[in-house]
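First comes the structure, then the notes that go with it.
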Amino acid sequence: MSTPTLLDRTDIEGVDFAFQDDPDVHATLARLRAERDYAVVPFAGVRAVLLLTHDLVSAAFKDESTFPAAAIYRMTTGPVLGKTLQCMEGQEHRIARGVATPSFRRNRVADFVQPLLEPLAHELIDRFQGNGSADLVADFTAKYPVLVISRLLGLPVEDEATVHRWAHDLFYFPLDPEAAMRASREFTDYVTPILEQRRREPGDDLISRLVTESAEGEFLDDEQILSFLRLLFPAGADTTMLALGNTLSALLTHPDQLALLRSDPEEWTQWAIWEGMRWEPPVGLLPRACPEAVDWHGISIPALTPMIFSINAAHRDPSVYERPDEFDITRKKMSMLSFGQGVHSCAGNWLAIAELDTALRVLLERLPDLRLRPGAEDAAKVTSQVGVALRGPNALPVRWRR
Ligand code: HEM
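Everything in the sequence shown is counted per numbering that gives the first Met the number 0, starting at 0 for the first residue and increasing by one.
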C-alpha cells in the first residue's frame, strides 16, 4: 500500500488554476486561506500546491534552492524567448543580470529613462484628447509600455507598429504558440544587425549598453542579449500595461479615491500606484515548480510538484493588511510582493514605478473630470489574461470634459 501524500486530494474542485478564470478569485482564495496557509488545487490536469499567505509567498520567493525559477521557465517561456535571465541560475544568472540590468536601477532610471516618459505620455494622449472619450486600454495602457521599451532600445520610430505586433504575439504565447515562435524569429532577424551596428557605433540607448558593458570582466554574447531583449516585452511591457490598467480600473470604480488623488497628486500618486498593485497585482498567481521532494514550512511536498505563489492572496492576507478587500490609497504601504523577491525579483521595478507614476499624473492632468462611461463598470473590471496568472481589465471606456 502506498503512503498517503499531500496530493491525494484537492481542497477545491471544478476550477483549473492553470486555465480557467474564476470570476470571484479573491473570494475563492480567501475561503481557502481561512482553512489553511496553503491549498492543493487542480492545475493543468495535475495537482499543485497553492501558497496563500504573505509569509509563505515571501519565503518561497526567497528560497531559490527549493523552488528554482529555471525549473519552470525553461519549460514555459524557454522555447519562445530562449535562455532568459529567468532560466539561469547561480553565477551565470548573477553575471548576466549584472550586465543587463544596471540601466533599470533606481538612480539610473531618473537620468536615463525619465526624459522619455513624459513626452511619450503626451504624444499618445494628443491622439485622442480632443475626442472627449476613449478606451484607455486600447488607446493608452496597451501602447505606452511597449513604446517605452522600443524607445529605450533606440529602435526606429517607423518600426514601432511592427515591434508592437511582435510584443503582442510573444505575450499570447500560451494561446498561440505558432504566432509567438514566428514573432520571436522575426524579432531576432530584425534586431541582430542592429546589435552589430551598435557595437560599431554605440549610442546612449539600451542596446548600445548591452553590447558594450561587462560585469565581473564578462560580456554578454549575442544569444544572451537577444533572449534578454525578447524577455523585455512580456516581462516589462505587458506587466506594466496590466498594472496601469488595474490602478486606473480601481480609481475609476472608486470615485472617492480618485477625488482624493486629484486633490493632491504630489502626495497621493505614488500611494495610488502601490495600492493598485496590492489590490490587483498584475502577476496574481505565479507558477513555479518544486523539483525535489521536501518538507518545507510544515508542508510535505513530493518531487516535481507544481507550485503557485499567490501574490494576490498574500496581498489580501488579513494578518498583514487591515480591511484587505478595500481599495484605500491612504494605506501608504509598498506591496513589494508584486515584483517578486530574492535573486529573480523584478529587474525593472523602478522603471515600472516611474512609468506608472508619469502615466497616471499626465492622464489626470490632461483629462479633466475623467470618469467611466455610464454603464461601463462591468467592462472595466479586472479579469484574468492569457490563463489565470496575469490579471487586468480588457477595456476602460472613459469620458472627460473637453
Ligand atoms: C508593474 C510592472 C511589473 C511587474 C508587476 C513585474 C513583476 C515581475 C515579477 C513578479 C518578477 C519575478 C518573476 C519570478 O520570480 O518568477 C519579475 C521579473 C523580471 N522583470 Fe518585472 N515586472 C514589472 C515590470 C518590469 C519592467 C518594466 C521590466 C524591464 C524593463 C521588467 C523586467 C523583469 C526581468 C528582466 C525579470 C527577470 C529577473 C530575473 O530573473 O533575474 N519587469 N517581474
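Each residue gets a CB set at the ideal place from its N, CA and C atoms; glycine is no exception.
Counting C-beta pairs closer than 8 Å gives three or more between the region 106 to 116 and the region 334 to 354, which meets the contact rule. Annotation: the continuous alpha helix (DSSP H) that includes F186 extends over 176 to 199. With fewer than 16 other Cβ atoms inside 10 Å of its own Cβ, K331 counts as exposed. In the DSSP assignment, Q113 falls within the alpha helix (DSSP H) that extends over 113 to 125. Cβ neighbours of L119 within its own chain (closer than 8 Å, five residues either side excluded): Y143, L146, V147, R150. DSSP places E157 within a helical segment (H, G or I) once states are collapsed to three.
At a threshold of 8 Å, M306 does not count as near ligand 1, since its beta carbon sits no closer than that to any of the ligand's heavy atoms. According to the DSSP assignment, G244 belongs to the alpha helix (DSSP H) that extends over 238 to 251. Taking one beta carbon from each stretch, the region 386 to 396 and the region 12 to 30 have 3 or more pairs nearer than 8 Å; the two touch. Boundaries around D54 are those of the alpha helix (DSSP H), 53 to 61, since no beta strand (DSSP E) includes it. Here the C-alpha atom of L231 lies approximately 14 Å from the C-alpha atom of A179. With a cut-off of 8 Å, the C-beta of H53 is classified as distant from ligand 1, since no heavy atom of the ligand falls inside that distance. According to DSSP, L284 shares a beta bridge with S309. Assignment of S344 by DSSP, reduced to helix, strand and coil, places it in the coil class.
Closest by C-alpha distance to L169, out of T187, M74, L80, S207, is L80. Here D324 is exposed: its Cβ has fewer than 16 other Cβ atoms, across all protein chains shown, within 10 Å. The beta carbon of A182 lies closer than 6 Å to those of W165, D168, L169 in the same chain, with the five residues before and after it left out. In this structure, M74 keeps its C-beta atom at 9 Å or more from the C-beta atom of A141. At a cut-off of 8 Å, the beta-carbon of M74 does not count as near ligand 1: no heavy atom of the ligand is closer than that. Rounded to the nearest whole angstrom, the C-alpha separation of V156 and N130 is 25 Å. Set against 8 Å, the gap from the CB of S57 to the closest heavy atom of ligand 1 is not smaller. Selection A271, L154, F42, E177 evaluated against T357 yields A271 as nearest (Cα-Cα). Nearest to L359 by alpha-carbon distance, out of L205, I206, G347, W267, is W267. Counting along the chain, A47 sits inside the beta strand (DSSP E) bounded by residues 45 to 50. Assigned with DSSP and collapsed to three states, D36 falls in coil, not helix or strand. Around S132, the same chain offers R372, V397, R398 as residues with beta carbons nearer than 7 Å, after the five sequence neighbours per side are excluded. By DSSP's assignment, E217 forms a beta bridge with A214.
The beta carbon of S226 sits closer than 7 Å to those of L80, G81, K82, T83, all from its chain and outside the five residues before and after it, given in chain order. For G129, no beta strand (DSSP E) segment is defined, and its DSSP state is neither H nor E.
The alpha-carbon separation between A99 and L152 amounts to approximately 12 Å.
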